[in-house]
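One structure below.
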Amino acid sequence: MTTRRRNILPGFGISTGFTLTYMSLLVLIPLSAIFLKSATVDWHQFWTTISAPRLIHSFKLTLTTSFVSAALNAGFGLLVAWVLARYRFPGKSIVDALVDLPFALPTAVAGIALTAIYSQNGWFGRYLEPHGIKVAFTPLGIIVAMMFVGLPFVVRNVQPVLEDLDIEIEEAARSLGATRWQSFRFVIVPTVLPALVTGFALAFARGLGEYGSVVFISGNLPNTQITSLLIITKLEQYDTAGATAIAVVMLVLSFVLLLGINLLQARSRKFQEAA
Amino acid sequence: MEQTRKRVPENSGSIVTRWFLIASALLFLALFLVTPLLVVFVEALDKGWDAYWTAIREPDALSAIYLSLTAAVIAVPINTVFGIAAAWSLTKFEFRGRNVLITLLDLPFAVSPVISGLIFVLMFGAQGWLGPWLADHDIHIIFAVPGIILTTMFVTVPFVARELIPHMQAQGREEEEAALVLGANGMQTFFRVTLPNIKWSLMYGVILCTARAMGEFGAVAVVSGHIRGETNTIPLHVEILYNEYNFVGAFAVASLLTLLALATLAIKKIVEWKISE
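Protein chains in written order, with numbering that gives the first Met the number 0: chain D, 0 to 274; chain E, 0 to 276.
So, in structure tokens, the structure goes:
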């Protein structure tokens, strides 16, 4: 401790003070409102709200579609990250920039564009529907929308790990007689796994809370109502207490996920430092 | 490093495997990312340029554009100042609770957009904490412009700080210390030493913040009340036009946000390129 130099930089008080005040006023106090509001709801009412069949159905639908889309993104995201990290091909930097499109494109725009593509007369819909594959206004459409918004999370987490991967380790494995598949399975997969799981979890969390891109393609039918939509429906009926009850369940769920992601990232950092 | 990377392709499978993987990745991206991008412009120009211009210049569209710009003009500068202050505090000093603060900074990203809107309804809505007081004083926040601005500020809080923190962390504080030792005051140190170092990541953070401020949908939808020509931002106007089956109008207005998104991506590439120089 005695060896640490004294920090002579100015502005600690004012920058930290401003940061804390601003965060408290704009983020922390408003967020705490939701928990204080839910504390005034009596438990019986809370339970009736969140155990309503329509809501249970929406929880199941939201969890399933988020999970499936995150799992598909883990696969396709790994493929895209691999190709971007390992190979050179014409137009690569444009493709690399394009991966961030879902971050930059407003969700409502993504929503109407996807609906236009997959609806009955759309570019893809007109070829899929004759084969009995309905995408728009079905859970499959919700998965497509969630995949769109979630893809960059997987690619951007996995790509840097693949880029930093030491080629010598792979060469060592190969020269010791490992097949290409074995060196992938036993060298690359274990290194990439923490980043891949983090990307999956982030995409999953994003899917759970997603609204804008999903609401158009899901079409607000009884069997395609996601939980975010039910919060809006409750608010439109001026049922603030009901909306809050649902929101609390979702918030707790996403905080648990966030905590898990942070633990995972801390672990993979330790793993990388040790290596 | 550069050498290692160049050697990689030769070691990563046969030519057939390599091109098969590249082709599958590109096909996937073309179907999932490029098609939605193209469909926006194709649908917007479905009835020709005249219809496109008319849709964009329609009074309700103009007032939506005006409102989105207003929200961005207020939210972006405030969050930029906040981002610089937060990054300065969190990267140049060590203190207890620093890591907690960094985690808290991400909260607006972690909270679902609908819930971000809901918290402001709970604060300022008719049945909210301050609702009765606001009603007594005839102040309108929810279903009015102030609510839209507040929500926009909330969802865009982390952008500038998140871009600056890793960059300023990597830079350390030696350069600032040297300036101070040589007699510069705090402001001079910031403007002559820190700012030139962070200008590219700052610029990218501001652009991201602006794009999100103009494009936020879920959170703003909750607090806006959808009053046409009054509390509709660009994305909310897109929703209304789309639900009225005015597809040319919806996609024409959406194409403005799409162009903004494409500009964001282009600037990101330029910034990455500048930083690596």
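Using N, Cα and C, we set each Cβ at its ideal position, and we do this for glycine too.
For chain E, find out if any of its Cβ atoms is closer than 9 angstroms to the Cβ of residue i; answer yes or no.
i	result
M0 (chain D)	Its pLDDT being 43, under 50, M0 (chain D) is placed unreliably in this model, and the value from its coordinates should be taken loosely. No, its Cβ sits nowhere closer than 9 angstroms to a Cβ of chain E.
Y237 (chain D)	yes
P138 (chain D)	no
L251 (chain D)	Per the sequence presented here, residue 251 (chain D) reads as Val, with Leu not at that position. Not one chain E Cβ lies under 9 angstroms of V251 (chain D).
M295 (chain D)	Nothing about residue 295 (chain D) can be reported from this structure: the residues present for chain D run from 0 to 274 only.
G198 (chain D)	no
E128 (chain D)	no
K59 (chain D)	no
A69 (chain D)	no
P189 (chain D)	no
L78 (chain D)	yes
V98 (chain D)	yes
P9 (chain D)	yes
T18 (chain D)	yes
N6 (chain D)	yes
S65 (chain D)	no
N261 (chain D)	yes
So, at 8 angstroms on beta carbons, what are the nonlocal neighbours of residue i in its own chain, with the 5 sequence-adjacent residues on each side left out?
i	result
H56 (chain D)	N222, Q224
K46 (chain E)	V247
V15 (chain E)	none
Can you tell me which of the options puts its alpha carbon nearest to the alpha carbon of residue i?
i	options	result
P58 (chain E)	E:Y244, E:H236, E:A253, E:T257	E:H236
A160 (chain E)	E:G127, E:L181, E:F190, E:I197	E:I197
A63 (chain E)	E:V120, E:V219, E:T230	E:T230
A115 (chain D)	D:I260, D:P9, D:F215	D:F215
F31 (chain E)	D:R53, D:V67, D:N72	D:N72
I114 (chain E)	D:L234, D:A69, D:V255	D:L234
P107 (chain E)	E:V156, E:I148, E:D137	E:V156
G198 (chain D)	D:E128, D:R179, D:S174, D:V148	D:V148
A109 (chain D)	E:M152, E:Q187, E:E215	E:E215
F203 (chain D)	D:A69, D:W122, D:Y86	D:A69
L259 (chain E)	E:M213, E:M186, E:I226	E:M213
I168 (chain D)	D:W180, D:A240, D:T178, D:V186	D:V186
S23 (chain D)	E:L100, E:F94, E:V72, E:V38	E:L100
I148 (chain E)	E:F40, E:F27, E:A71, E:G185	E:A71
E173 (chain E)	E:T90, E:L68, E:K268, E:T257	E:T90
F11 (chain D)	E:I21, E:F92, E:T263	E:F92
R87 (chain D)	E:A177, E:L20, E:A134, E:V192	E:L20
R97 (chain E)	D:G16, D:S31, D:A135	D:G16
A210 (chain E)	E:A253, E:N245, E:L28, E:R191	E:A253
Within a Cβ cutoff of 7 angstroms, which residues of the same chain sit near residue i, ignoring the five residues on either side of it in sequence?
i	result
G124 (chain E)	G130, I141
A86 (chain E)	A160, L163, I164, M167
E276 (chain E)	none
P151 (chain D)	V98, D99, P101, F102
V120 (chain E)	G127, I141, V221, V222
F66 (chain D)	F203
W322 (chain D)	Absent from the model: residue 322 (chain D). The displayed extent of chain D is 0 to 274, so no value can be given.
Would you verify that the beta carbon of residue i is, or is not, closer than 9 angstroms to some beta carbon of chain D?
i	result
R17 (chain E)	yes
F81 (chain E)	yes
R172 (chain E)	yes
E176 (chain E)	yes
W52 (chain E)	no
A249 (chain E)	yes
I118 (chain E)	yes
E215 (chain E)	yes
Just to check my reading of the structure: residue i and residue j have Cβ atoms closer than 8 angstroms, yes? What is that Cβ distance to the nearest angstrom?
i	j	result
V75 (chain E)	V205 (chain E)	6 angstroms
S227 (chain D)	G127 (chain E)	Going by Cβ atoms, the distance from S227 (chain D) to G127 (chain E) rounds to 20 angstroms, so no, they are not a contact pair.
T106 (chain D)	G211 (chain D)	3 angstroms
F158 (chain E)	C208 (chain E)	4 angstroms
L54 (chain D)	L229 (chain D)	6 angstroms
Once the 5 residues before and after residue i are set aside, which same chain residues still bring their CB inside 6 angstroms of it?
i	result
L257 (chain D)	none
A251 (chain E)	A43, Y51, A54, I55
A84 (chain D)	Q158, L161, E162
T48 (chain D)	G241, A244
E128 (chain D)	Q119
Please report whether the beta-carbon of residue i lies at a distance below 9 angstroms from any beta-carbon of chain B.
i	result
S23 (chain E)	Reference to chain B is not applicable here, since the protein chains of this structure are D and E.
Self-check item: the region 181 to 197 of chain E / the region 237 to 245 of chain E touching (three or more Cβ pairs under 8 angstroms)
Solution: The region 181 to 197 of chain E vs the region 237 to 245 of chain E: no contact.
Quiz prompt | Contact the region 240 to 256 of chain D vs the region 74 to 86 of chain D: 3+ CB pairs below 8 angstroms | solution = Verdict: no, contact absent.
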